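Asks:
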Amino acid sequence: MSGRGGELELRGVAQTFTDRGGQVVEALEGVDLLARPGEFVALIGPSGCGKSTLLRIVAGLEQPAAGEVLLDGAVAGDRLGRCAFMPQRDGLLPWRRVIDNVTIGLELEGVPREQARERALPLLERFGLGEFTGSWPWQLSGGMRHRAAFLRTAITGRPVMLLDEPFGALDGITRAELQQWLLDVWREIGATVLLVTHDVSEAVFLADRVLVMSPRPGRIVAEERVALARPRELRVEETPEFGAAEARLREALRRAVAA
Amino acid sequence: MSNPAEGSSGRTLARYLAPALVLAGLVIAWALVVALFAVEPEVLPGPGLVVESTWADRSALAPAAWTTLQEAVLGIAVAIVLAVLLAVAIDWSRTARRSLYPLLVASQTIPIIALAPLVVIWFGFGQTPKIVLVALFTFFAIAVGTLQGLASSDPDSMDLLRTMGAGRRQLLWRVRLPSALPQFFTGLKVAVAYSLVAAIVAEFVGAEQGLGVYMTGARNALRTDLVFGAVVVTALLTLVLFGIVALAERLAMPWRRPSQTEADW
Ligand SMILES: Nc1ncnc2c1ncn2[C@@H]1O[C@H](COP(=O)(O)OP(=O)(O)OP(=O)(O)O)[C@@H](O)[C@H]1O
Ligand SMILES: [Mg+2]
Chain A
17 MSGRGGELEL RGVAQTFTDR GGQVVEALEG VDLLARPGEF VALIGPSGCG KSTLLRIVAG
77 LEQPAAGEVL LDGAVAGDRL GRCAFMPQRD GLLPWRRVID NVTIGLELEG VPREQARERA
137 LPLLERFGLG EFTGSWPWQL SGGMRHRAAF LRTAITGRPV MLLDEPFGAL DGITRAELQQ
197 WLLDVWREIG ATVLLVTHDV SEAVFLADRV LVMSPRPGRI VAEERVALAR PRELRVEETP
257 EFGAAEARLR EALRRAVAA
Chain B
2 MSNPAEGSSG RTLARYLAPA LVLAGLVIAW ALVVALFAVE PEVLPGPGLV VESTWADRSA
62 LAPAAWTTLQ EAVLGIAVAI VLAVLLAVAI DWSRTARRSL YPLLVASQTI PIIALAPLVV
122 IWFGFGQTPK IVLVALFTFF AIAVGTLQGL ASSDPDSMDL LRTMGAGRRQ LLWRVRLPSA
182 LPQFFTGLKV AVAYSLVAAI VAEFVGAEQG LGVYMTGARN ALRTDLVFGA VVVTALLTLV
242 LFGIVALAER LAMPWRRPSQ TEADW
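Read top to bottom, the protein sequences are chains A and B. For the first sequence, the residue numbers in our numbering are 17 to 275. For the second sequence, the residue numbers in our numbering are 2 to 266.
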């Protein structure tokens, strides 16, 4: 899926909120970022530094107080509907069966129901949800819910994917399994990914490039290019290269928090 | 409980058996009190007499019950339409919320029963004033339930659909209205419980037909047994309406997990 764009650029993006007491909270301050088409970029930073805010701005759910967002080189003012977004919690609709949750993006685009299902079924089969297509969301385990939520985001075929701590609420084993799974899916769809995580080793395992954010107001203060070969398997975490990248990032995080 | 099917049918049995036993106990106590103290039937007729006389008078009672049931059901239907429309309007527009929501809450301070004479003056002695009163009486529970249900929509789901390009109308149909269903039905159950009572009270004020008229007539004739009979019929009809709503609730929300419909813990 080349030649369909997927370049994402942020220029001087800043955001401020006024909280209930009338206090002005600076959430983001001058964030610059460039993700090339098909690149997997991870964003790590302390809690509350504005990571979710950044993704919401890119998705178009919020407009920044300053700066601009560019998609494929053009300033994108009204961005809703341009990027695929996966919120911090899965947000599956309880009254839709798994397959109908996955196809909702297509449905909103006006794809007829039958056609949408035809497109979704092979995807669900191939990525481990085949036997759950007719289930209600409550019947799924946490890991399966995340797969469904991810496929729902991926199926729309948007060239930029924004994932907000997609594995945050999962136990270690399920998490490792899903990280591998995510890489498998990503290799096939080839989208540009901007993924937020708390977890340094997750960032190194998944990403081509890891960006470190400072505490509030969030800025990007360090960057680590991950040179590990792809396709990656979980075993890569035992290599010295992995350990070194992880150690450098932890150090960068420490410095960012201390500064 | 090794067999889950057996366990659940056993539980269903227990669910109906327990209240039935309590009810039977109360009826027996009632019969005993009447027999032991030789209470006059004009004051408190025994359960046997109530059943006997009510059955004997069924040709008069049945049309009365039918009239009242019609009023209750039509009143609820009107209330559902108006309450849902109002709830959606309040949920949809800030202006509507600012101007209508305080009024909705304040309307609860009006003793609706006290409006019954007025409604009869405006709409006459037919079924219309009863329908109006039932609607007024049940409107609030449905409106508030629906409104809370709409507001309980998951903000993450809303955001997600917005990033997929959904407009407000699509959000309403695909997220907010389905989210409102459980609380809408909770409100509707409260409404149903009030509906027949509201219709009967309206009939007390002035009517040609109905359970309220029947009860007034029976009381004037000192037929306390028939008054009791009408009360029992009212209770049974309310139960039937309640059951219909509960069934509709199940059919409308097949996606609910069993523990949500049967709060067992
Ligand atoms: N709508 C809002 N109104 C007021 N303050 C807000 C709003 N949204 C976010 N904030 C504040 O902005 C800051 C950044 O929030 P954000 O959710 O982006 O952090 P985060 O990095 O995603 O945190 P976490 O890692 O815990 O998810 C926080 O201090 C938060 O309280
Ligand atoms: Mg966050």
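All C-beta atoms in this analysis are idealised placements derived from N, C-alpha and C, irrespective of residue type, glycine included. In this text the structure is predicted, and so the values were computed from the model without any measurement.
For Asp187(A), is the classification buried or exposed, using 16 other Cβ atoms within 10 angstroms of its Cβ as the cut-off for buried?
Replies: With fewer than 16 other Cβ atoms within 10 Å, it is exposed.
Asks: Is the region 142-156 of chain B touching the region 183-200 of chain B, taking contact as three or more C-beta pairs under 8 Å?
Replies: Enough Cβ pairs lie closer than 8 Å, so yes.
Asks: Check the DSSP bridge columns for Ile236(A) and list the partner residues they point to.
Replies: Paired residue(s): Met229(A).
Asks: Could you check where the alpha helix (DSSP H) with Val242(A) kicks off and where it finishes?
Replies: Val242(A) -> no alpha helix (DSSP H), and no H or E assigned at all.
Asks: Is Gly146(B) close to chain A, meaning its C-beta is less than 7 Å from at least one C-beta of that chain?
Replies: Not an interface residue.
Asks: Am I right that Ser54(B) and Leu227(B) are in contact with their C-beta atoms under 8 Å? What's the rounded C-beta distance?
Replies: Indeed they touch by this definition, with Cβ atoms about 6 Å apart.
Asks: Could you pull the start and end residues of the alpha helix (DSSP H) that Asp94(A) belongs to?
Replies: Note, Asp94(A): premise wrong, no alpha helix (DSSP H); not H, not E.
Asks: Which residues count as close to ligand 2 when the rule is a CB under 7 Å from any of its heavy atoms, in chain order?
Replies: Listed by chain position, these are Lys67(A), Ser68(A), Gln104(A), Asp180(A), Glu181(A), Val212(A).
Asks: Please compile the residues from chain A whose C-beta is within a distance smaller than 7 Å of the C-beta of Ala267(B).
Replies: Lying outside 2 to 266, the shown extent of chain B, residue 267(B) is not represented and no answer is given.
Asks: Taking the C-alpha atoms as reference points, what is the distance between Pro5(B) and Trp154(A)?
Replies: Interpretation of Pro5(B) is limited by its pLDDT of 46, a score under 50 that renders its predicted location unreliable; no figure is taken from the coordinates.
Asks: Interface residues of chain B around Ala136(A) at Cβ under 8 Å?
Replies: Near Ala136(A) there are no residues of chain B at all, since even the closest Cβ is about 14 Å away, more than 8 Å.
Asks: Flag Trp202(A) as yes if its beta-carbon sits less than 7 Å from any beta-carbon of chain B, otherwise no.
Replies: No, because no Cβ of chain B sits closer than 7 Å to the Cβ of Trp202(A).
Asks: Is any heavy atom in ligand 1 found nearer than 6 Å to the beta carbon of Asp160(B)?
Replies: Result no, Cβ not under 6 Å from ligand 1.
Asks: Tell me Asp35(A)'s beta-bridge partners as DSSP assigns them.
Replies: In the DSSP output, where bridge partners are listed per residue, Asp35(A) has none listed.
Asks: Would a C-beta distance cut-off of 7 Å place Ala207(A) and Pro175(A) closer than the cut-off?
Replies: Contact: yes.
Asks: Count the other CB atoms, across all protein chains shown, that sit within 10 Å of the CB of Glu239(A); report buried if there are 16 or more and exposed otherwise.
Replies: Glu239(A) is exposed by the Cβ-count criterion.
Asks: Could you name the residues of chain B that Trp197(A) contacts, counting a contact when the two beta carbons are closer than 9 Å?
Replies: None at all; the shortest Cβ gap to chain B is about 20 Å.
Asks: Using alpha carbons as the reference points, say which of Glu25(A), Glu181(A), Val228(A), Ala164(A) lies closest to Gln104(A).
Replies: When each option's Cα is compared against that of Gln104(A), the closest is Glu181(A).
Asks: DSSP state of Ile171(A), grouped into three classes?
Replies: In the structure shown, Ile171(A) sits in coil (DSSP, three-state: anything other than H, G, I, E or B).
Asks: Cα-Cα, which of Glu84(A), Leu124(A), Cys65(A), Gly61(A) is closest to Leu161(B)?
Replies: It is Leu124(A).
Asks: With burial defined as no fewer than 16 other Cβ atoms inside 10 Å of the residue's Cβ, what is the status of Gly211(B): buried or exposed?
Replies: Classification of Gly211(B): buried, given that the 10 Å Cβ count is 16 or more.
Asks: Would the C-beta of Cys65(A) count as close to ligand 1, meaning under 6 Å from any of its heavy atoms?
Replies: Yes, the Cβ of Cys65(A) comes within 6 Å of a heavy atom of ligand 1.
Asks: Given Glu78(A), which residues of its chain have a CB within under 8 Å of its CB, disregarding the five upstream and five downstream residues?
Replies: Counting only Cβ-Cβ distances below 8 Å, and skipping sequence neighbours, we find Gln31, Thr69, Arg72.
Asks: Using three-state DSSP, classify Phe126(B) as helix, strand or coil.
Replies: In the structure shown, Phe126(B) sits in coil (DSSP, three-state: anything other than H, G, I, E or B).
Asks: Extract the residue ranges of the alpha helix (DSSP H) inside the region 115-194 of chain A, only unbroken runs of 4 or more that lie entirely within it.
Replies: Listed in chain order, the complete alpha helix (DSSP H) runs (minimum 4 residues) inside the region 115-194 of chain A are 120-124, 129-142, 158-170.
Asks: Taking the Cβ atom as the reference point for each residue, do Trp256(B) and Trp111(A) lie within a distance shorter than 7 Å?
Replies: The answer is yes: Cβ separation under 7 Å.
Asks: Within a Cβ cutoff of 7 Å, which residues of the same chain sit near Ala164(A), ignoring the five residues on either side of it in sequence?
Replies: Cβ within range, chain order: Leu108, Val114, Asn117, Val118, Leu145, Leu156.
Asks: Using a cut-off of 7 Å between C-beta atoms, extract the partners of Arg133(A) located in chain B.
Replies: Result: empty, since nearest Cβ-Cβ is about 17 Å, beyond 7 Å.
Asks: Do the region 258-274 of chain A and the region 12-28 of chain B touch if we need at least three Cβ pairs shorter than 8 Å?
Replies: Cβ pair count under 8 Å is below three, so no.
Asks: Could you check whether the Cβ of Met17(A) sits closer than 7 Å to any Cβ belonging to chain B?
Replies: Note that Met17(A) has pLDDT 42, beneath the 50 cutoff, so the model's placement of it is unreliable and the number below is only indicative. So no, Met17(A) is outside the interface.
Asks: Which stretch, first to last residue, makes up the beta strand (DSSP E) that contains Phe101(A)?
Replies: Note, Phe101(A): beta strand (DSSP E), 100-102.
Asks: Would you please state the rounded distance, in angstroms, between the beta carbons of Leu62(B) and Gly230(B)? I believe it to be under 8 Å.
Replies: Contact flag correct, Cβ pair sits at about 7 Å.
Asks: So, with DSSP's three-state summary, where would you put Glu262(A)?
Replies: Helix.
Asks: Could you name the residues of chain B that Phe101(A) contacts, counting a contact when the two beta carbons are closer than 7 Å?
Replies: Ordered by position in chain B, the residues that pass the 7 Å Cβ test against Phe101(A) are Leu161, Thr164.
Asks: Whose Cβ in chain A lies nearer than 9 Å to the Cβ of Asp157(B)?
Replies: Ordered by position in chain A, the residues that pass the 9 Å Cβ test against Asp157(B) are Pro103, Gln104, Arg105, Asp106, Gly107.
Asks: Show which residues of chain A have a CB atom less than 9 Å away from the CB atom of Val176(B).
Replies: Near Val176(B) (Cβ distances below 9 Å), the residues of chain A are Leu109.
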